[in-house]
Amino acid sequence: MSDDPTVFVVDDDADLCEALRWLLESDGLKVETYTSAQSFLKAYRPDRPGVLALDVRMRGMDGLELQEHLSAHDFGIPVIILTGHGDVPMAVRALKAGALEFLQKPVNDQALLDCVRKALQIDAENRQQRVASEVIRGRLATLTPREREVLGLVITGKANKQIGELLCVSAKTVEVHRKHVMKKMHASSVVELVRMVLSVRDEY
Amino acid sequence: MMDEDHTIVWANAAASRLFGPSLVGAKCYAAYHRRDNPCESCVVKETFSDGEVHEHETEVVSADGNKRVFWCTANVAGWHPDRSPRLVVEISRDITERKQAEAALRESEDTVRALLNATTDTVVLIATDGTTLAANEALAQRLGRTVDELIGRCIYDFFPPEVARVRTAKGDQACQTGKPVRHVDERAGSYWEYNVHPLFDAEGHVDRLAIFARDITEQRRAEAALAESEARYRALFEQAPDSIVLVEAGSGKAVEFNDRAHQNLGYTRAEFQGLTVGDLEAIESPEEVVAHTRKIIRDGSDTFETKHRAKTGQIRDVLVTSRAVSIGGRDFALAIWRDMTERKRSEQAVRESEAKYRQLFATVSDAIVVFDAETLQFVDVNDAALQLYGYSKDEFLKLEHPAITVEAERSRDSIARALAGELDRIPLRYHKKKGGTVFPVEISVSEFTLQARRVLCGVIRDITERKRAEDVLRRQALVFENMFDAVIVTDTDHRITEWNPAANRIFGHTREEVFGKVTQILIGPEETTDLFGHVTEALEQDGYWSGVTPFGRKDGSQGHCESNIVVVCDEGGQVVGHIAVVHDISERVRAEQEAQRRQSELAHVVRLATMGEMATGLAHELNQPLSAILYYAHGCRRRLRAGSCDTEETLSITEKIAAQAERAAAFLDRIRAFVRKGELHLAPVDLNQVVREAASFAAHQARESGVSIDFQLATTLPPVSADMIQIEQVVLNVLRNGIEAMQASDQGQRRLTIQTSRDGDAVICSITDTGCGYTDDTAEQLFDAFFTTKSAGMGMGLAISRSIITAHGGRIWATPNPDGGTRFQFAIPISEAGATA
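Those protein sequence lines, which keep their order, are chains X and F.
281 is the number of the first residue of the first sequence in my numbering; add one for each residue after it.
700 is the number of the first residue of the second sequence in my numbering; add one for each residue after it.
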């Protein structure tokens, strides 16, 4: 399985899938087409980078349902909705579910390609981000509970003395924990520590 | 002498001798006449009354009882002092002897006179000089005188001079010859025969002539008549139609015969003369003939039938009337032979004919009655009459005609007219049976004479059934005339023979205009002869045809009619023609066409509305290929620009572009067809194709509603006769209803199943959804117009669907789906082309 970013086209109209593939491949993109949400889900693995070009109205699971399903399972793949006759409630629902773009067919080729390219970039970024976060999370996992408490108070900008008072320990003890945290987290400064913690904040 | 009381006071001796001694004291009338009172003509009484002398002749009875005739003279013998007679003397002289002598003389004279006068011959006795001495009444009468006038006068003076001269000559001749002279003379058509007889005196000289003349005119005439009669009888004998033969009894020979006798048997007179009866007889032997002849002689006569053999051997029937005659002391049989051959034959014919008529009389189904024209009593009736009227023959023959009729007066009139020869048929008369049942009859009447009686013969037919049939016919004719539908009767060649007023009204032709014309002229000009040929063929094959056809009116306009045509056969099953009952349905057809047009229009409007409602989905449906085309085009452009174009690959893409364009165009075509306004156009249609196309319209809606459409179509389906667009409209309506029903429900699985199948003569399309279904409340209203369970629906879908299916002769219905939801089904008859498949 190549890790080249791929455009996953899901549309129950096979002809349309073929046409989209022809267009996207002209820009050097790698394209996979699926004529139903189910067949896509069956084939897709989350670690594959790319973008999902999704038709809304489909037999079985429709586009929005698929999008919601992916979102719920924290599949980070960006989604571009392609619809023949979008209406406002549909667009709102799609965007709320995290759709990157809501495009009306037939889509201008450049706009579509730009959108796809942008999405692939975002995906790539997201994936990098996700890798960094994993490192930070791994480091955080090595912290003792006391160190975690200290970390939590450090990033709120409290001094050692204040932290000691809160935790009923001496400032000196706090200082030891702080050093351990800094070391375990590979943080050179409190600022960096804060940025790291913030990047994975939602996991708290 | 007697006193006033006629008492005899005195009588002389002669009187006493005559009348008895005790005459005195007796009454004269008692003594003379033995009476109790005086006679009317009593001379004594007269003398007493006038005193004169009276005389008369009277008959008295003497004492010895003898009648005697007296001449009595009465005279007064003594007077009374007053000079009236006291006594009368009657002197009676017996004149009996004198009277007798006188009577004898008178009698003698009278006898001679009577003799002379008794003869019709005239008799006269004359002296030689012609002086008439005596003549009889006949002569006097002939000469127009009395006998006395003739006596003493010359007889010749009374004759015309010519006659007198002849007579005188004849008289002289008698005187001279002393011999009687006889001669006949004719006068004024009368013939007289004279006989002059000379009478001689004592000396032998002729002194008187007695002349007798007799009128022999009658005698002469009788003689002539006799001669004539004889000639006539001779002619009769010779000319008689019968053979007359005088047969000698002993020899049996024909001694005398007429021409007829020998001619009848083919012999000449000469040949016949030598024959005996035995030679002619064909039945009796010669011995029998002899015996038969003897028997005739003995019995006097005989009449019998026998057969004679002609010379040629031919046998002839004869009736023989034979009589014995004796001529000159010899016995003969006078035979009259009548040839009966012809009569026998005609009798036989008559008998046969009579038997035939008798048989006819007895066996004919019609009742025959013969009755006396005067008494009206029945003389003869046949069995059919007995059966018809219910009488026994004895009963019937005691009846008179009025007993069988209930229209006495009319019957009487008819009888009179029949007798007058004015009537031979009575078409309708009501008669009655023995039980009183009245029934109609038809009578043929004839009049003839039977045994010198005028009789009427009636042939009577019970026409109860016929009359009933006639009544039915009359009613039928009335129906025919007044029927609202046209009734057309034709012969076997379809030529019009009957045409009722309704036909006149419907087609505009009068009966006279179409009479004898072929019914083809009634078919409108639009129709080719195919229809006529088709109908005539069906009539020949099935004997029946019914259907709806166009027709042309006289004014050239067109109409439609529903015709029922049947073949009419006679009793023998032979086709004699056709009867067509034609119902004008022009108005109905027009109304139907109008309704159909309106229905089509409505269906069209509804289709337009449907398309409006589906515009978004249809646009999407079009958008798909358009998008594909666009993507292909852009892809190509980019490759061309980048110079990374693979010719083969690009070529295949352009083909895909074309395919997508065609897909779009086809879809547009379908839409255009679907919304096209058009009349109902029936053609063989594949329902599977209709279903697929309809589904293509609904595909987008189904997709959007998350409805999967499952096709379970029959692999082979016969075509139905339908308007494709309208059926597609129905399918689409039902599909959309199903989709929308499922949209409204929360049920997980949204599936629409479309099935097609054949069911007998129909094709069924069944569309099952898994939607919310319908409640019993709405079931009845499902197909009503403007009924809808949907917020946005017009409510026309199912209503128009039903009218479309109905117009196709099919039906549409809904049933609940056992798995939830509704199943709509419709059935359309298979087209004729498909029915045989």
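Virtual Cβ for every residue (Gly too), placed ideally from N, Cα, C.
Beta-carbon gap between residue i and residue j smaller than 8 Å
| i | j | result |
| --- | --- | --- |
| V1281 (chain F) | S1262 (chain F) | yes |
| C1464 (chain F) | L1386 (chain F) | yes |
| R1449 (chain F) | G1405 (chain F) | yes |
| E1180 (chain F) | V1188 (chain F) | no |
| A1440 (chain F) | D1422 (chain F) | no |
| L1059 (chain F) | F1077 (chain F) | no |
| V1429 (chain F) | I1529 (chain F) | no |
| D1093 (chain F) | V1154 (chain F) | no |
| D1458 (chain F) | A1398 (chain F) | no |
| L433 (chain X) | L446 (chain X) | yes |
| L334 (chain X) | G343 (chain X) | yes |
| I1035 (chain F) | T1011 (chain F) | no |
| Y314 (chain X) | V336 (chain X) | no |
| E1392 (chain F) | E1427 (chain F) | yes |
| A1009 (chain F) | L945 (chain F) | no |
| V989 (chain F) | E980 (chain F) | no |
Extent of the continuous beta strand (DSSP E) run through residue i
| i | result |
| --- | --- |
| V788 (chain F) | P784 to D793 |
| A1461 (chain F) | A1461 to T1467 |
| G1246 (chain F) | Y1243 to G1251 |
| I1000 (chain F) | The amino acid occupying residue 1000 (chain F) in the given sequence is Ser; Ile does not appear at that position. Its beta strand (DSSP E) spans residues S1000 to R1008. |
| S450 (chain X) | Run containing S450 (chain X): none; DSSP gives neither H nor E here. |
| Y314 (chain X) | K310 to Y314 |
| P285 (chain X) | P285 (chain X) -> no beta strand (DSSP E), and no H or E assigned at all. |
| E1141 (chain F) | V1137 to L1149 |
| T1514 (chain F) | R1510 to P1515 |
Span of the alpha helix (DSSP H) around residue i
| i | result |
| --- | --- |
| W302 (chain X) | A294 to S306 |
| P1200 (chain F) | P1200 to F1206 |
| T1315 (chain F) | A1314 to A1341 |
| S1500 (chain F) | G1496 to A1506 |
| D1093 (chain F) | K1092 to L1096 |
| D1112 (chain F) | A1107 to L1118 |
For residue i, the nearest candidate out of the options (CA to CA)
| i | options | result |
| --- | --- | --- |
| Q1524 (chain F) | F:S1299, F:V1433, F:G1459 and F:S1444 | F:V1433 |
| K376 (chain X) | X:D389, X:P358 and X:V387 | X:P358 |
| P329 (chain X) | X:A404, X:D354, X:V336 and X:T363 | X:A404 |
| H460 (chain X) | X:I435, X:D283 and X:R426 | X:R426 |
| D828 (chain F) | F:E836, F:L849, F:T810 and F:Y855 | F:Y855 |
| N711 (chain F) | F:E789, F:R767 and F:K766 | F:E789 |
| R1124 (chain F) | F:H1130, F:F1147, F:V1158 and F:R1037 | F:V1158 |
| V430 (chain X) | X:M465, X:D367 and X:V480 | X:M465 |
| H1100 (chain F) | F:A1083, F:K1131, F:E1121 and F:G1120 | F:K1131 |
| Q1295 (chain F) | F:Y1330, F:R866, F:I1504 and F:C1156 | F:I1504 |
| L380 (chain X) | X:D293, X:Y324, X:G356 and X:Q390 | X:G356 |
| T453 (chain X) | X:K441, X:V477 and X:S316 | X:K441 |
| W1512 (chain F) | F:V1305, F:G1519 and F:A1498 | F:A1498 |
| D884 (chain F) | F:D871, F:G877, F:E861 and F:A873 | F:E861 |
| L1238 (chain F) | F:G1509, F:A730 and F:V1267 | F:V1267 |
| A1176 (chain F) | F:G1135, F:N835 and F:N1199 | F:N1199 |
| Y728 (chain F) | F:S748, F:M700 and F:A1061 | F:M700 |
| V1144 (chain F) | F:P1383, F:E1348, F:A1151 and F:I1114 | F:I1114 |
| R428 (chain X) | X:I402, X:A391 and X:M462 | X:M462 |
| R785 (chain F) | F:R734, F:H705, F:I794 and F:H755 | F:H705 |
Residues bridged to residue i (per DSSP)
| i | result |
| --- | --- |
| G1276 (chain F) | F:V1267 |
| A1185 (chain F) | F:V1281 |
| I943 (chain F) | F:I1035 |
| D1458 (chain F) | F:A1461 |
| E848 (chain F) | Bridge partners of E848 (chain F): none, in fact. |
Amino acids of chain B, ordered along the chain, whose beta-carbon sits closer than 8 Å to that of residue i
| i | result |
| --- | --- |
| N1322 (chain F) | No chain B appears in this structure, whose protein chains are X and F. |
Residues of the segment 1351-1369 of chain F whose Cβ lies closer than 9 Å to any Cβ of chain X, in chain order: I1352, K1355, I1356, A1358, Q1359 and R1362
Near-chain X residues of the segment 1396-1412 of chain F - C-beta to any C-beta below 7 Å: R1402, E1403, G1405 and S1407
Contact list for the segment 1302-1315 of chain F against chain X, Cβ threshold 9 Å: T1315
Interfacial residues, the segment 1426-1449 of chain F to chain X, with Cβ spacing under 7 Å: none
Residues within the segment 303-327 of chain X neighbouring chain F, beta-carbon criterion of under 9 Å: L303, L304, E305, S306, D307 and G308
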